[in-house]
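Below is one structure, written out as structure tokens; the observations come after it.
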């Protein structure tokens with residue numbers, strides 16, 4: 002995006018006073034007046050600043066890692082959001098909203114190493130505030146604060162991370178979250194979350210995808226039986242999590258050299274964490290002499306078997322892959338975790354290498370309890386759709402397809418071929434608006450017919466109403482189909498009906 | 002809202018390790034373990050913080066001046082937003098989105114005295130950022146940055162003001178903005194903005210309302226002819242703006258004592274600014290011996306006459322009142338300004354005293370030019386709907402009416418009267434979801450029928466499907482109407498059709 006240096010000009014009061022002097026001689030002369038003023042950069046903005054002599058070099062840009070969304074992009078986004086919300090509602094979700102910032106201490110201790118990416122607000126006297134980092138922690142704060150022990154809710158809102166834009170990461174981005182909170186029988190809500198992920202990614206038609214599934218309890222059990230000390234679990238997991246991007250020998254040496262895990266442990270670990278597959282993998286691990294000794298791992302494996310059964314019933318197992326390299330960075334997960342990746346055409350050889358994650362989630366049974374005065378737990382499981390990546394893909398697909406995206410829904414432009422019909426156009430327009438028809442006029446007293454027709458073509462308005470002296474005399478209007486250029490006359494009484502018929 | 006003090010417990014790694022030891026004896030025993038840890042308030046959140054001994058007194062609340070929005074409120078909001086967006090689209094608007102924060106200097110010098118209410122972000126290395134104070138300044142920054150010279154767009158987003166919550170003002174609130182930018186013939190876009198305001202307030206059925214209209218040029222002209230020095234325009238306007246809340250004698254003494262305006266000027270001023278009325282007022286002012294000498298005032302009066310003519314055609318003059326006390330606080334307005342107030346039953350005696358502003362706007366022809374390197378102007382006019390106040394009124398009305406608000410759209414609950422039918426319920430559910438039916442089950446292996454029926458009643462689900470051994474054998478399901486308690490049997494093949502018929 003281009004940036005410009007621009008010079009400050011004046012506010013309304015100054016403008017008006019300039020005009021006061023000028024308008025007596027020529028109404029438009031004030032447009033040629035150049036007001037040069039000095040503004041000091043970063044000075045406090047007060048009423049005062051309108052009067053003094055000012056000059057400022059203003060860089061015209063959006064903050065690093067953020068972006069404006071243009072009308073064409075908004076039109077695509079609206080479609081994507083509609084698909085997502087429709088699915089959430091199909092699954093019986095309510096919605097809630099929470100503030101964009103939280104008390105800083107609410108976010109403290111929830112995000113592990115990522116906490117350094119949290120945006121803080123300046124201390125302007127009052128509370129210490131931070132912009133939300135995700136929707137999950139505010140959701141659990143909401144549950145604890147309102148003593149809600151069961152809810153199925155969705156929330157679509159922006160979250161904020163001071164991440165590195167050089168890596169293609171936005172600092173402000175939407176998340177679409179769906180979560181089920183409450184004490185329920187095992188794996189039923191978990192399976193529904195995966196079904197939702199499957200439905201949304203299928204309906205958005207983004208291409209082939211895969212949902213990787215793992216369980217934090219299984220990972221912990223395997224780390225335990227391989228002899229990794231508990232104090233190293235987190236750091237080893239963060240190495241494991243890189244395995245979809247970095248080759249194994251590099252991950253191996255990182256574990257040995259940087260994280261000081263003994264080589265024989267790493268090699269024992271590698272026998273497990275390089276595994277991925279379907280139900281048979283879970284079966285095999287259940288019978289593994291080491292893993293089967295660990296009760297936590299076995300609890301996870303039994304749950305994963307049950308989950309697989311439910312996913313079979315939901316008809317989504319064709320996209321499910323149990324993948325032991327999946328670890329997920331956030332601290333709060335306690336059970337099943339999952340991540341959906343889009344597959345490129347090439348990735349059929351190695352399905353674990355995708356185009357990147359577009360949805361993720363898991364079970365977090367402890368987070369609400371962290372906020373509750375008596376430590377009361379509310380088990381939760383949920384998904385978060387990484388909608389920004391989906392937007393980019395949808396935009397790219399739309400561009401490639403060459404389809405014309407409309408940015409408005411206007412059904413008809415009320416036009417005229419002759420001068421001096423503004424009021425007549427306005428009367429018709431009022432009738433259309435009052436009947437619920439989406440209609441526009443050009444904001445000119447005497448627009449050219451060609452300009453009006455071009456406007457319809459460029460914005461995709463399908464119909465034009467054309468009025469002139471003769472039509473007004475006869476009490477009719479001409480309707481023109483912009484695409485076919487066919488014109489018919491209808492009476493004013495039948496106009497609304499006719500437009501509805503032609504645009505339904 | 003209640004606040005609690007709560008104690009921090011552990012993250013997942015700790016949890017898992019606790020479980021490792023416990024699960025061998027009893028799978029659920031870990032629930033009874035109390036982990037007491039010390040956390041130091043405001044310490045940096047790092048992976049480290051999960052391991053040390055910690056304790057923290059955490060106040061569970063949302064930031065001052067903000068609030069969570071509950072599912073019932075969200076359901077009401079969704080309806081209000083739909084009405085607003087539908088109207089904006091009926092008038093041919095596109096939509097855009099801009100970041101929640103802007104470079105601080107973008108906001109500098111646009112808000113007069115209100116600038117002290119801007120939220121700044123902490124300097125964490127990098128740019129100086131502030132949360133947006135309204136949607137208008139970001140919109141004009143967007144236009145200048147992208148060199149857009151004409152657009153009709155809406156934007157619905159939250160804005161941030163460090164205002165006094167004691168006065169009932171939120172610090173985070175939605176604005177719904179519609180603006181028309183571009184060089185057009187006079188008053189045509191301005192009239193459409195007022196038509197939109199009228200349509201939205203009518204369709205929301207909030208009660209009687211009034212749209213006050215004034216013009217900054219008229220105000221300036223009047224101040225000029227009354228002899229008020231130009232340097233006092235702003236401060237005098239802020240006094241005038243209080244006249245809908247404060248009696249005239251108090252405003253008068255504020256002007257004389259605090260703002261040092263000579264009494265004879267104030268008294269001359271009072272002859273004008275206490276006026277309000279319809280077209281005849283504009284006519285009267287045009288013929289006023291003093292006002293008619295001022296070219297800027299006359300320009301405004303001619304525009305207001307034209308505006309009134311257009312508003313007549315649009316059929317909205319019954320709610321329009323020209324009111325010279327209307328000044329609007331923001332610096333950037335340059336022409337017509339307006340503000341809609343809801344009227345209480347009592348306010349029929351004095352229509353200028355309303356329940357408070359619910360929508361406002363005006364013309365701001367200079368703001369884009371302030372951002373443009375070459376000072377190129379893009380005239381703009383727009384409205385902003387004060388949607389939070391509308392939400393409160395809509396919530397109150399909904400409460401008073403006693404109507405039951407549904408927070409989900411679920412059409413059917415798949416239930417069972419007998420144990421062990423989870424998988425059968427799931428199979429039916431899958432069929433329904435895949436057919437686009439909004440459906441739920443209770444997440445239990447063996448829920449009681451009564452519990453399932455109660456769930457439907459409390460959440461407003463209109464239909465229950467009941468399956469049992471006999472139904473499965475016969476390939477049928479029972480559909481029960483929750484309200485009438487009528488039950489019919491239908492075949493599985495006809496189920497989707499039957500549900501659609503009953504819920505359409």
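Protein chains in written order, with our numbering: chain A, 2 to 505; chain B, 2 to 505.
Here a beta-carbon is modelled for each residue, glycine too, at the ideal position from N, C-alpha and C.
- Message: For a test of the three-state rule: what should DSSP assign to residue 261 (chain A), helix, strand or coil?
- Response: coil
- Backbone CA spacing between residue 495 (chain A) and residue 368 (chain B) [nearest angstrom]: 44 Å
- Message: Suppose you measure from the CA of residue 305 (chain A) to the CA of residue 379 (chain A); what does that come to, to the nearest Å?
- Response: 21 Å
- Item | Pairwise C-alpha distance: residue 176 (chain A) and residue 270 (chain A) | 34 Å
- Task: Closer than 7 Å by beta-carbon distance: list the chain A residues that pair up with residue 189 (chain B), in chain order.
- Result: 444
- Query: For residue 434 (chain B), does the count of other Cβ atoms within 10 angstroms reach 16, so buried, or fall short, so exposed?
  - Reply: buried
- Would you call the region 397 to 408 of chain B and the region 438 to 448 of chain B in contact, with 3 or more CB pairs under 8 Å? no
- Enumerate in chain order the residues of its own chain whose CB-to-CB distance from residue 160 (chain A) is below 7 Å, with the five nearest sequence positions on each side excluded. 133, 134, 135, 136, 174 and 176
- Query: Nearest to residue 303 (chain A) by alpha carbon, out of A:231, A:340, A:463 and A:219?
  - Reply: A:219
- Item | At least three beta-carbon pairs within less than 8 Å, the region 337 to 345 of chain A to the region 189 to 209 of chain A | yes
- Start-to-end residues for the alpha helix (DSSP H) that takes in residue 221 (chain A): 217 to 226
- Return helix, strand or coil for residue 499 (chain B), following the three-state DSSP convention. helix
- Query: Considering only C-alpha positions, which residue in the set A:285, A:242, A:60 and A:261 is nearest to residue 327 (chain A)?
  - Reply: A:242
- Item | Coarse secondary structure for residue 149 (chain A), derived from DSSP in three states | coil
- Query: Between B:272, B:63 and B:386, which lies nearest to residue 88 (chain B) when the distance is taken from Cα to Cα?
  - Reply: B:386
- Item | Burial state of residue 213 (chain B), where buried means 16 or more other Cβ atoms lie within 10 Å | buried
- Message: Quick check on residue 407 (chain A): does DSSP put it in helix, strand or coil?
- Response: coil
- Query: Can you find a CB in chain A that lies within less than 8 Å of the CB of residue 486 (chain B)?
  - Reply: no
- Item | Three-state secondary structure (DSSP) of residue 113 (chain B) | helix
- Straight-line gap, residue 491 (chain A) to residue 498 (chain A) (C-alpha atoms, nearest Å): 10 Å
- Task: Return yes when the Cβ of residue 362 (chain B) is within less than 8 Å of the Cβ of residue 238 (chain B), no when it is not.
- Result: no
- Residue range of the unbroken alpha helix (DSSP H) whose run includes residue 474 (chain A): 470 to 475
- Message: In this structure, how does DSSP classify residue 490 (chain A) when only helix, strand and coil are distinguished?
- Response: strand
- Of all Cβ atoms in chain A, is any one closer than 8 Å to the Cβ of residue 449 (chain B)? no
- Exposure label - residue 312 (chain B); buried when at least 16 CB within 10 Å: buried
- N-terminal and C-terminal residue of the alpha helix (DSSP H) that residue 240 (chain A) is part of: 234 to 241
- Message: Can you confirm whether residue 70 (chain B), when its beta carbon is compared against all beta carbons of chain A, has any partner nearer than 8 Å?
- Response: yes
- Query: Can you find a CB in chain A that lies within less than 8 Å of the CB of residue 390 (chain B)?
  - Reply: no
- Taking 8 Å as the cut-off, decide whether the C-beta atoms of residue 251 (chain B) and residue 166 (chain B) are in contact. no
- Query: For residue 414 (chain B) versus residue 453 (chain B), is the C-beta spacing smaller than 8 Å?
  - Reply: yes
- Touching or not, the region 112 to 131 of chain A and the region 426 to 433 of chain B, by the rule of three or more beta carbon pairs under 8 Å? no
- Task: Since I believe residue 381 (chain B) is in contact with residue 141 (chain B) (beta carbons under 8 Å), could you give me their beta-carbon distance rounded to a whole number of angstroms?
- Result: 7 Å
- Cutoff 8 Å; reference residue 389 (chain A); Cβ partners in own chain excluding five residues on either side: 171, 174 and 175
- Flag residue 428 (chain B) as yes if its beta-carbon sits less than 8 Å from any beta-carbon of chain A, otherwise no. yes
- Task: With 7 Å as the limit, tell me which residues of the region 295 to 324 of chain B have their beta carbon closer than that to any beta carbon of chain A; keep them in chain order.
- Result: 296, 297, 300, 311, 314, 315 and 316
- Check each residue of the region 85 to 97 of chain B: if its Cβ is closer than 8 Å to any Cβ of chain A, include it; give the result in chain order. 90, 91, 92, 93, 94, 95, 96 and 97
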